[in-house]
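Visitor: Quick one: structure below, then a few questions.
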Amino acid sequence: CSSLTSFEINSRHPFLKSSGGVLFTRTKPYTLVLCPPGLTGDYIVPNGVSTIGKGAFYGSELSSVYLPQSVECIKEEAFEKAKKLRTINFPNRLREIENSAFYNCDSLTSFVFPRSLERIGSYAFARCAGLPATVKLPDQITDIAGTAFARNPQVQAYKISPDNPHYRTEDG
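In my numbering, the protein residues as written are 4 to 175.
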């Protein structure tokens, strides 16, 4: 259903609501559940959303997604196969990027990890052909899967703050 551009749901639905054609949970903590795959261009996630749900942007045609400061978690497969996604901003409160969150996002080139990021899951950025040769990891990360950046032959080195108590880099 790659041409689907809007979701509508009964306003009396007890768990979900739609806003601008996108599905969200009705109660806090607010989760962006599903963005229609046919949307193109840029999308600004509304303030108050704390979680980007599992597969929420799977196969999306969007080129940029702007997350509000309220987002703390990006669930597994959230942006998987969003092949046109070039830019995403990671908010300062983001704590976790789960497994395969950005798997196979070929065009992803523009992002900066926030200091708040504690965990990057397995294959989170695997097969992302647009990643740079050197990936700068979050300064205070405490848990990063060994396969987080798998299948990216263009990535030649990693950088991390020498003050990180959990990880260090040696020769990249």
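Ideal placement from N, C-alpha and C gives every residue a C-beta, glycine not left out.
Would you please state the rounded distance, in angstroms, between the beta carbons of residue 103 and residue 89? I believe it to be under 8 Å.
Guide: As a working mapping, residue 103 is identified with position 100 in the sequence shown. As a working mapping, residue 89 is identified with position 86 in the sequence shown. Their Cβ separation, rounded to whole angstroms, is 19 Å, which puts residue 103 and residue 89 out of contact at 8 Å.
Visitor: Quick check: the Cα distance between residue 133 and residue 126, rounded to an integer number of angstroms?
Guide: By one-based count along the sequence shown, residue 133 stands at place 130. By one-based count along the sequence shown, residue 126 stands at place 123. Rounded to whole angstroms, residue 133 to residue 126 spans 15 Å at the Cα level.
Visitor: Once the 5 residues before and after residue 62 are set aside, which same chain residues still bring their CB inside 6 Å of it?
Guide: The count along the sequence shown starts at 1 and reaches residue 62 at position 59. Within the same chain, residue 62 has close Cβ partners 40 and 84.
Visitor: What are the start and end residues of the beta strand (DSSP E) that includes residue 21?
Guide: Within the sequence shown, numbered from 1, the residue matching residue 21 stands at position 18. Looking at the DSSP string, the run of the beta strand (DSSP E) that includes residue 21 is 19 to 22.
Visitor: On a Cα-Cα basis, can you pick out the residue from 148, 151, 168 and 142 that is closest to residue 162?
Guide: For the purposes of this step, residue 162 is taken as residue 159 along the sequence shown, with counting starting at 1. Measuring from the Cα of residue 162, the nearest candidate turns out to be 142.
Visitor: Short check: CB of residue 114 to CB of residue 82, under 8 Å?
Guide: On the sequence shown, residue 114 is found 111 positions in, with the first residue counted as 1. On the sequence shown, residue 82 is found 79 positions in, with the first residue counted as 1. It is not a contact, given that the beta carbons lie outside the stated cut-off.
Visitor: Leaving out five residues on either side along the sequence, give the residues of the same chain with a beta carbon under 8 Å from the beta carbon of residue 24.
Guide: Looking up residue 24 in the sequence shown gives position 21. If we look at residue 24 and ignore the five residues flanking it on each side, its Cβ neighbours are 8, 9, 10, 11, 39 and 42.
Visitor: Where does residue 105 sit, in a helix, a strand or coil, going by DSSP?
Guide: By one-based count along the sequence shown, residue 105 stands at place 102. Residue 105: coil per DSSP, three-state reduction.
Visitor: Are the beta-carbon atoms of residue 157 and residue 137 separated by less than 8 Å?
Guide: Within the sequence shown, the letter at position 154 stands for residue 157. Within the sequence shown, the letter at position 134 stands for residue 137. No, the Cβ-Cβ distance between residue 157 and residue 137 is not below 8 Å.
Visitor: Beta-carbon separation of residue 123 and residue 153 under 8 Å?
Guide: Within the sequence shown, numbered from 1, the residue matching residue 123 stands at position 120. Within the sequence shown, numbered from 1, the residue matching residue 153 stands at position 150. Cβ distance not < 8 Å, so residue 123 and residue 153 don't count as in contact.
Visitor: Would you mind stating whether residue 34 and residue 54 have Cβ atoms separated by less than 8 Å?
Guide: As a position in the sequence shown, residue 34 is number 31, starting the count at 1. As a position in the sequence shown, residue 54 is number 51, starting the count at 1. Contact: yes.
Visitor: How would you label residue 108, buried or exposed, when you count the other beta carbons within 10 angstroms and need 16 or more for buried?
Guide: Sequence index remark: in the sequence shown, residue 108 carries index 105 (1-based). Buried.
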